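Heads up: the sequence lines are chains A and B, in that order. Each residue of the first sequence is one higher than the one before, starting from 510 at the first, in my numbering. Each residue of the second sequence is one higher than the one before, starting from 510 at the first, in my numbering. Just so it is clear, CB atoms sit at the ideal spot from N, CA and C, and this is done for glycine as well. In this text the structure is predicted, and so the values were computed from the model without any measurement. To start, the structure under review is shown below, and the notes come after it.
2 protein chains.
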Amino acid sequence: MSVTAAQGFRAAGIAAGIKKSGKADLALVVNDGPRAEAAGVFTRNKVKAAPVLWSQQVLTTGSLRAVVLNSGGANACTGAEGFQVAHATAEQVAEVVGCGAIDVAVCSTGLIGEQLPRETVLAGVRSAAAELASGPEAGSAVAAAIMTTDTVPKESAVTDPAGWTVGGTTKGAGMIAPSMATMLSVVTTDAVLDRATLDAALREAVRYSFDRLDVDGSMSTNDTVLVLASGASGVEADPAVFTAALTRVCRDLAEQMQADAEGVTKRITVRVTGAASEDDAVTVARTIARDSLVKTAMFGSDPNWGRVAASAGYADAEIDPERLDVTINGVLLCKGAVVAGDRADCDLSGKDVLIEVELGLSGGADGHTAEIRTTDLSHAYVEENSAYSS
Amino acid sequence: MSVTAAQGFRAAGIAAGIKKSGKADLALVVNDGPRAEAAGVFTRNKVKAAPVLWSQQVLTTGSLRAVVLNSGGANACTGAEGFQVAHATAEQVAEVVGCGAIDVAVCSTGLIGEQLPRETVLAGVRSAAAELASGPEAGSAVAAAIMTTDTVPKESAVTDPAGWTVGGTTKGAGMIAPSMATMLSVVTTDAVLDRATLDAALREAVRYSFDRLDVDGSMSTNDTVLVLASGASGVEADPAVFTAALTRVCRDLAEQMQADAEGVTKRITVRVTGAASEDDAVTVARTIARDSLVKTAMFGSDPNWGRVAASAGYADAEIDPERLDVTINGVLLCKGAVVAGDRADCDLSGKDVLIEVELGLSGGADGHTAEIRTTDLSHAYVEENSAYSS
Numbered sequence: 510m511s512v513t514a515a516q517g518f519r520a521a522g523i524a525a526g527i528k529k530s531g532k533a534d535l536a537l538v539v540n541d542g543p544r545a546e547a548a549g550v551f552t553r554n555k556v557k558a559a560p561v562l563w564s565q566q567v568l569t570t571g572s573l574r575a576v577v578l579n580s581g582g583a584n585a586c587t588g589a590e591g592f593q594v595a596h597a598t599a600e601q602v603a604e605v606v607g608c609g610a611i612d613v614a615v616c617s618t619g620l621i622g623e624q625l626p627r628e629t630v631l632a633g634v635r636s637a638a639a640e641l642a643s644g645p646e647a648g649s650a651v652a653a654a655i656m657t658t659d660t661v662p663k664e665s666a667v668t669d670p671a672g673w674t675v676g677g678t679t680k681g682a683g684m685i686a687p688s689m690a691t692m693l694s695v696v697t698t699d700a701v702l703d704r705a706t707l708d709a710a711l712r713e714a715v716r717y718s719f720d721r722l723d724v725d726g727s728m729s730t731n732d733t734v735l736v737l738a739s740g741a742s743g744v745e746a747d748p749a750v751f752t753a754a755l756t757r758v759c760r761d762l763a764e765q766m767q768a769d770a771e772g773v774t775k776r777i778t779v780r781v782t783g784a785a786s787e788d789d790a791v792t793v794a795r796t797i798a799r800d801s802l803v804k805t806a807m808f809g810s811d812p813n814w815g816r817v818a819a820s821a822g823y824a825d826a827e828i829d830p831e832r833l834d835v836t837i838n839g840v841l842l843c844k845g846a847v848v849a850g851d852r853a854d855c856d857l858s859g860k861d862v863l864i865e866v867e868l869g870l871s872g873g874a875d876g877h878t879a880e881i882r883t884t885d886l887s888h889a890y891v892e893e894n895s896a897y898s899s
Numbered sequence: 510m511s512v513t514a515a516q517g518f519r520a521a522g523i524a525a526g527i528k529k530s531g532k533a534d535l536a537l538v539v540n541d542g543p544r545a546e547a548a549g550v551f552t553r554n555k556v557k558a559a560p561v562l563w564s565q566q567v568l569t570t571g572s573l574r575a576v577v578l579n580s581g582g583a584n585a586c587t588g589a590e591g592f593q594v595a596h597a598t599a600e601q602v603a604e605v606v607g608c609g610a611i612d613v614a615v616c617s618t619g620l621i622g623e624q625l626p627r628e629t630v631l632a633g634v635r636s637a638a639a640e641l642a643s644g645p646e647a648g649s650a651v652a653a654a655i656m657t658t659d660t661v662p663k664e665s666a667v668t669d670p671a672g673w674t675v676g677g678t679t680k681g682a683g684m685i686a687p688s689m690a691t692m693l694s695v696v697t698t699d700a701v702l703d704r705a706t707l708d709a710a711l712r713e714a715v716r717y718s719f720d721r722l723d724v725d726g727s728m729s730t731n732d733t734v735l736v737l738a739s740g741a742s743g744v745e746a747d748p749a750v751f752t753a754a755l756t757r758v759c760r761d762l763a764e765q766m767q768a769d770a771e772g773v774t775k776r777i778t779v780r781v782t783g784a785a786s787e788d789d790a791v792t793v794a795r796t797i798a799r800d801s802l803v804k805t806a807m808f809g810s811d812p813n814w815g816r817v818a819a820s821a822g823y824a825d826a827e828i829d830p831e832r833l834d835v836t837i838n839g840v841l842l843c844k845g846a847v848v849a850g851d852r853a854d855c856d857l858s859g860k861d862v863l864i865e866v867e868l869g870l871s872g873g874a875d876g877h878t879a880e881i882r883t884t885d886l887s888h889a890y891v892e893e894n895s896a897y898s899s
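Okay, here's the thing in structure tokens:
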């Protein structure tokens, strides 16, 4: 149910010895074709990890035969030496798979600012190549090998009645933020698609999935989402149907990341409606989703709508306080920025919280809405991130 | 050493019964003249509390005779009824002081979304008027009456050799954010100044004091800084000297707020140098100061410079990774976005942390720099804000 769900892919996930814990830390995904279209979306952080710089470069061809991923080190802020390690890793994959280094994307995740152990990584690539297999276990081994502070592996797949499949995996638990909420995600498909369609479909899917998850507002140096198409089903996919399926897989993976985010005790959805534009809806939802006072209130199961209203009020978007309504878990608490309901009626004892903010500036068929998913700010988040060093 | 340090002012702080705890919750500051210039800076939140709307309106005259402040309720998101309470409070002050309501500013702080008890507030104004006095105790009573989650009152004063004084008080511990970090602050002076000079001096002072404090990125609905000038010293102040003195008082008050911020265990200064512009320097410093992963690392005394570099990298400012240096508590850890020093050499066991980020895009006399003060993200912050209801 992951990167090997689609036909034409083999994968492996192993413990190469990069992590001191001895846990799985290196994964390889190989596209056996017959086709090799690929697309990627990368972090917009100006400080980019070496593997991001490498992968952006090779993806200008719109084609990939393999992806190698490691946890246990981000290979970020590692300078020329770090770039050489990423390059050497791609060369090693090219040798064992039988393609050019230009056909190999590299992804890394872990602590920023430490060099990866070059020989350990290269030996790991050779070991992983020996274990390449199709079938669900191989896909699950990839999902396991890319975990850092994740507590569960994350996989998703959708099969279209027309005969093609999209499946993928992701990792990510902290440093999850605006535009590109994931740290690393690889999705594969056996549908027959041209490069432009694949690229457009990925951008659309990311926009409504990973980009709408914001755990802590911190944008990583390593964020990467890749999609590889083997064409092995022999079935040409309708672009719109394929985009919908890819979006579904990406949303499913993003929701799994939200549920497993660092220190999460509440899964919060902020839904903004009636905005002056879709951008405004996203901005207001993201501002609320990032507000430490909103997030701590939710941790305390406190329906503190005043903090939600205040947060909407400082969002860089068009707001008319007299039209601002706040509803939490179905209870209208604030109408026109004035107290409306009784906090006591609002039950936040469960794990899921829905914060609805109606801006009253658009509606009906012309209404602009957006949803951002986030988590609460808990003691466990503070604990995990004050001691993080994996 | 506070609002009564300057000549021409009387003040009182009392327990009016707004707070259920019975603690002091209402303060009155009266300018006995001979002059009555005043200036104010208010929150830029689009959701403004009733007292902010009232005070902005009366300040268009550039003159104030009195300020009434209450804790125990923000009078925000309270609609027409809330505005009527603010208006009635000003009318009551006008009556007891002997001026017009248009000469009275109103400030409130506390929970958003609850009506203030009107008769309790009005009776409190009458009681406070009976206790108006000059002298340091009266100023300290004001500082005490405006506290919410503050643990200590905050006061500051500077006397110029020319013969005039500036003194003030502030409150603020949470919801401290961009542009206007304070919740409420009143500063008085007996210098002789015209309105335009006073207004310009306040904007300059706030820009380099309260605006450079960012505890949690949340902008309040009630933020207000007021300065009142009595002219009672009879000494005309040089505008530049006065601006410097006012800035010193405001910076001192802002530093007291930082030290007393909710759940603080570290006082963090983020200093950005070599930026392409001063705005860029502020943006980068603020982005780092707000980053939850930087703040939790500091709480854990972990010199995690990778998070600082990543945070600079997603700031909306000009950044060249190859010129990005990070120094923490004097130890250069990252040069050109590449690991440079040993984390082990960096001692974060103390309470003060200095994060220096050199962007390498300007220098010397043309260098653009900025400092933002913030705090760590601790268990106590989460605890206090998940249970806040004062």
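Beta-bridge analysis with DSSP links B/R799 to no other residue. Taking 9 Å as the cut-off between beta carbons, the residues of the region 786-820 of chain A near chain B are R799, D800, S801, L802, V803, K804, T805, A806, M807, F808, G809, S810, D811, N813, W814, G815, R816, A818, A819, S820, in sequence order.
Taking a Cβ-Cβ cut-off of 8 Å, the neighbours of B/M728 in chain A comprise A819, G822, Y823, given in sequence order. B/N554 is the residue among B/F751, B/G542, B/V539, B/N554 whose C-alpha sits nearest the C-alpha of A/A818. Proximity of chain B to A/P830 at the Cβ level (cut-off 7 Å) is accounted for by K555, V556, in chain order.
In this structure, the straight-line span from the alpha carbon of B/V779 to that of B/N731 is close to 26 Å. Taken atom to atom, the span from the alpha-carbon of B/G815 to that of A/I777 is near 28 Å.
Residues of chain B whose Cβ lies closer than 7 Å to the Cβ of A/V891 are, in chain order, T805, F808, L886, S887, H888, V891. Taking 8 Å as the cut-off, the beta carbon of A/E546 is found closer than this to the beta carbon of A/L707. In the structure shown, the three-state DSSP call for B/E880 is strand.
By the rule that beta-carbons nearer than 8 Å mark a contact, A/V781 does not touch chain B. Residue environment for B/R635: exposed (fewer than 16 other C-beta atoms within 10 angstroms of its C-beta). Among the residues of chain A, none has a CB under 7 Å from the CB of B/V734; the nearest is roughly 17 Å distant. Judged by beta-carbon spacing, A/S564 lies beyond the 8 Å limit of A/G619, meaning their Cβ atoms are not closer than that value. Contact annotation: the region 859-875 of chain B does not touch the region 751-760 of chain B, with fewer than three C-beta pairs closer than 8 Å.
Close CB contacts of A/V615 within its chain, under the 7 Å cut and outside five residues either way in sequence, are with P560, W563, S564, V577, A595, T598, A599 (chain order). Listed in chain order, the alpha helix (DSSP H) elements of length 4 or more contained wholly in the region 728-792 of chain B are 748-768. Residue pairing of A/I837 in beta bridges, as defined by DSSP: A/V840, A/I864. Per DSSP, B/C608 has no beta bridge partner at all.
Here the region 520-535 of chain B makes no contact with the region 831-847 of chain B; the two share fewer than three CB pairs at distances below 8 Å.
In the displayed model, A/A515 falls within coil according to three-state DSSP, outside both helix and strand. Within chain B, no residue has its beta carbon less than 9 Å from that of A/L562; the closest one is some 10 Å off. Judged by pairs of C-beta atoms under 8 Å, the region 733-750 of chain A does not touch the region 782-798 of chain A, as fewer than three such pairs exist. Contact annotation for B/E600 against chain A: no contact, minimum CB-CB distance about 22 Å [criterion: below 7 Å].
Going by beta carbons, B/A705 and B/W673 fall outside the 8 Å limit. When the five nearest sequence neighbours on each side are left out, the beta carbons in the same chain lying within less than 7 Å of the beta carbon of B/A558 are those of A583, N584, A585, S617, T730, N731, in order along the chain. Measuring C-alpha to C-alpha distances from A/M807 to each of A/S786, A/D861, A/Q765 identifies A/D861 as the nearest.
Closest in C-alpha terms to B/D854, from the list B/I881, B/S649, B/N838, comes B/N838.
Using a Cβ-Cβ cut-off of 9 Å, B/E623 is close to G815, V848 of chain A, given in chain order.
Residue pairing by DSSP puts A/F551 in a beta bridge opposite A/T733. Comparing C-alpha distances from B/G622 to each of A/T805, A/E623, A/V848, A/T756 shows the shortest one belongs to A/V848. Contact between the region 657-664 of chain B and the region 735-742 of chain B is not established, with fewer than three Cβ pairs separated by less than 8 Å. Of the residues assessed, B/Q566 falls on the exposed side of the cut-off, its CB having fewer than 16 other CB atoms within 10 angstroms. Residues of chain A whose Cβ lies closer than 8 Å to the Cβ of B/L833 are, in chain order, V556.
Assignment of B/E646 by DSSP, reduced to helix, strand and coil, places it in the helix class. The beta carbon of B/T668 does not come within 8 Å of any beta carbon belonging to chain A, so the residue lies off that interface.
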